[in-house]
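Residue numbers (full-length UniProt numbering): 1 to 631. Where a beta carbon is used, it is the ideal one built from N, C-alpha and C, also for glycine.
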């Protein structure tokens, strides 16, 4: 069997298994999608701040709802994404660089919003998810679906806790009402004691009435006793009458005092006459001056005597009148004094009994006060219990009740922000199928274009010139393909003309790299290389990601993805269409340029080796060495 025949048979075999290879590769790459979700990288930024929640009994407990959410997401039971906990700045960098496909942010008021569910103004807790379509179109939709499911599960847990809290509040309300009932019991007991005290008070009042009756009888006995007292008082009256008779002689005393005053006045007049006579003679004038003090003293004695006589007369008259009144009063007292003494004695006894009755009444009043105190205490506890029960029941109007019910039913909200959002599925598909179209274009080019004729390979022309002739023709075809394909994409998808230089330039670099790769396959393997190209296309399409995160495909395809040119062609075109970071597109273009140069270098070695073999006659159909190369 000749070498050519063996190659033909190999080519036929490869063509036969191409459909199987393509289908098998795609099925194999997506066979681990369920477990692959766990490998999709995503970041968590927890900015939640702890708050204190006050229970109905006044105790406080810390609430860290954000930490609970993060714990739930990162637990082994959760199969949604490979979460990395980081800060906001690092998460933004990782998303821009494509290290993660999504960033979930828990805001600082997350716990405060969760705690507000038990208040009169509940607020829905919000979490946000950011994705970047420049690294994976379906990642945003998948993340949103996961986020909705996550918020639903977590929200149901919060709602369950809230309902449990309602029942706990009901228990507290029950306790408050129970205390109110106990207070009502005490109120009833106090009323009973009050009734008993009132009864005792009535008995005391009855006894008081009995004492008053006895006081009446004592007064009667007092009247009888005063009769026996009259005799002694009569004797007193007789003695006072005799005293009154003797007091009549007291008038002589006042008369004697009057006479004394008159005699003193007469002597004073006589002394005054003598003094005047002595003043008439110069020899006796000094004696007259000595008599003047005597005269004045006698005048004073006379004046004082008259005053004393007047006062003595008035005093004696008052004494006489007082004795008379005393005698008269003694006579009246003698008539009633005995009965008065006896009645007073009996009255004292009655008042004693009245005091005993008053004591009983006071005891009853004390019991009444005690009952009233118990009644007041019970009423106070009843009021406090009812007040506490009322305070634990929120007062909401219709709008507040409607809003609160909506928040409780859906306590956690989700906000999805897609950076560099691809507007339609067509844009995402274009980012994938433009590189695939260019690969198929290079495939078609080398189906109709031979790398180099045998006579050219056998000529003495330089290897670079031989390759350049074929590659120049292929490059013209590739350029036409680029222009037509880019024009179709912009026209059909309505891409901005501002992206035209980027899409056109990147597509040109991609087409050049794919053309060089197909030249290598065609030069090294002949027509068999075209079959290999189809198989490589299937492998790359299954391993390049783009529309879906690369982590969803099987691990072998993830391992080879960084070494496949279609991976970089798709990521670069997707970054351009989505408006992602320019560094991604430039990096992809640089990697494609490396594939271009490597393919050209290997093609050069393969072409030179082939020409050497033909020149030595090792290959059939070798041309003469002097054949010229048509340019």
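Excluding the 5 residues preceding and the 5 following residue 544 in the sequence, name in chain order all residues of the same chain whose CB lies nearer than 7 Å to its CB.
Position 544 of the chain shown, counted from the first residue, corresponds to residue 544. Counting only Cβ-Cβ distances below 7 Å, and skipping sequence neighbours, we find 561, 564, 566, 567 and 570.
Compute the distance between the beta-carbons of residue 696 and residue 112, then report whether it is under 8 Å.
Nothing can be reported for residue 696, as the shown portion of the chain is limited to 1 through 631.
With DSSP run on the structure shown, which of helix, strand or coil describes residue 626?
For this step, residue 626 is matched to residue 626 along the chain shown. Unreliable placement is indicated for residue 626, whose pLDDT of 36 sits below 50; no coordinate value is reported for it.
Does DSSP put residue 9 in a helix, a strand or coil?
Counted from its first residue, the chain shown places residue 9 at position 9. Three-state DSSP puts residue 9 in a helix.
With burial defined as no fewer than 16 other Cβ atoms inside 10 Å of the residue's Cβ, what is the status of residue 620: buried or exposed?
Stepping through the chain shown from its first residue, residue 620 is reached at position 620. Because residue 620 carries a pLDDT of 49, less than 50, the predicted location of this residue cannot be relied on, and the following value inherits that uncertainty. Residue 620 comes out exposed.
Can you give me the Cβ contacts of residue 479 inside the same chain, cut-off strictly under 8 Å, excluding the 5 residues immediately before and after it?
Working through the chain shown from its first residue, we reach residue 479 at position 479. So the qualifying residues of the chain are 508 and 511.
Among residues of its own chain, excluding the 5 on either side of residue 6, which ones have a beta-carbon nearer than 6 Å to its beta-carbon?
Position 6 of the chain shown, counted from the first residue, corresponds to residue 6. For residue 6, there are no CB contacts under 6 Å within the same chain when 5 residues up- and downstream are skipped.
In terms of DSSP beta bridges, what is residue 303 paired with?
Position 303 of the chain shown, counted from the start, is the residue given in the question as residue 303. None, per the DSSP bridge assignment.
Smallest Cα separation from residue 503: which of 471, 443, 582 and 476?
As a working mapping, residue 503 is identified with position 503 in the chain shown. Selected option, being the one with the closest Cα: 582.
Check this for me: beta carbons of residue 514 and residue 573, under 8 Å apart or not?
The sequence position of residue 514 within the chain shown is 514, counting from 1. The sequence position of residue 573 within the chain shown is 573, counting from 1. Not closer than 8 Å, so no.
Would the beta-carbon of residue 267 fall within 8 Å of that of residue 308?
As a position in the chain shown, residue 267 is number 267, starting the count at 1. As a position in the chain shown, residue 308 is number 308, starting the count at 1. Going by C-beta atoms, residue 267 is not nearer than 8 Å to residue 308.
Give the single residue among 86, 434 and 245 whose Cα lies nearest to the Cα of residue 486.
For the purposes of this step, residue 486 is taken as the residue at position 486 of the chain shown. Closest option to residue 486, Cα to Cα, is 434.
Three-state secondary structure (DSSP) of residue 113
Numbered from its first residue, the chain shown carries residue 113 at position 113. Reduced to three states, the DSSP call for residue 113 is helix.
For residue 605, which option in 519, 594 and 530 has the closest C-alpha, if you only look at C-alpha atoms?
Taking the chain shown and counting its residues from 1, the one referred to as residue 605 is at position 605. In this structure, 519 is the residue among 519, 594 and 530 with its C-alpha nearest to the C-alpha of residue 605.
Look up residue 495 in the DSSP assignment and say whether it is helix, strand or coil.
Position 495 of the chain shown holds residue 495. Residue state, collapsed to three classes: coil.
Mind checking residue 586: buried by the 16 CB within 10 Å criterion, or exposed?
For the purposes of this step, residue 586 is taken as residue 586 along the chain shown, with counting starting at 1. Burial call: exposed.
Beta-bridge partners of residue 381, as assigned by DSSP
The residue labelled residue 381 in the question sits at position 381 within the chain shown. Answer by DSSP bridge pairing: none, since residue 381 is not bridged.
For residue 533 and residue 443, what's the separation of their Cα atoms in angstroms?
As a working mapping, residue 533 is identified with position 533 in the chain shown. As a working mapping, residue 443 is identified with position 443 in the chain shown. Taking the straight line from one Cα to the other gives about 7 Å.
Quick one: is the Cβ of residue 591 within less than 7 Å of any heavy atom of the ligand ZN?
As for the ligand ZN, it is missing from this structure, which has no ligand bound.
Closer than 7 Å by C-beta to residue 617: which residues in its own chain qualify, once you throw out the five before and the five after it? Chain order, please.
Residue numbering aside, residue 617 sits at position 617 when the chain shown is read from its first letter. Low confidence applies here, because residue 617 scores a pLDDT of 47, under 50, leaving its location unreliable; read the following figure in that light. Around residue 617: no qualifying Cβ.
So the alpha helix (DSSP H) residue 90 belongs to, where does it begin and stop?
Here residue 90 corresponds to residue number 90 of the chain shown, with the count starting at 1. Here the alpha helix (DSSP H) through residue 90 covers 88-97.
In three-state DSSP terms, what is residue 462?
Counting from one through the chain shown, the residue named residue 462 turns up at place 462. It is coil, neither helix nor strand.
Out of 311, 521, 593 and 329, state which residue places its alpha-carbon closest to the alpha-carbon of residue 602.
Position 602 of the chain shown, counted from the start, is the residue given in the question as residue 602. Checked all of 311, 521, 593 and 329; the closest Cα to residue 602 is 521.
Taking the continuous beta strand (DSSP E) assigned at residue 60, which residues delimit it?
On the chain shown, position 60 is the one that residue 60 refers to. Note, residue 60: beta strand (DSSP E), 60-63.
With which residues is residue 104 paired in a DSSP beta bridge?
Stepping through the chain shown from its first residue, residue 104 is reached at position 104. Answer is 44 and 129.
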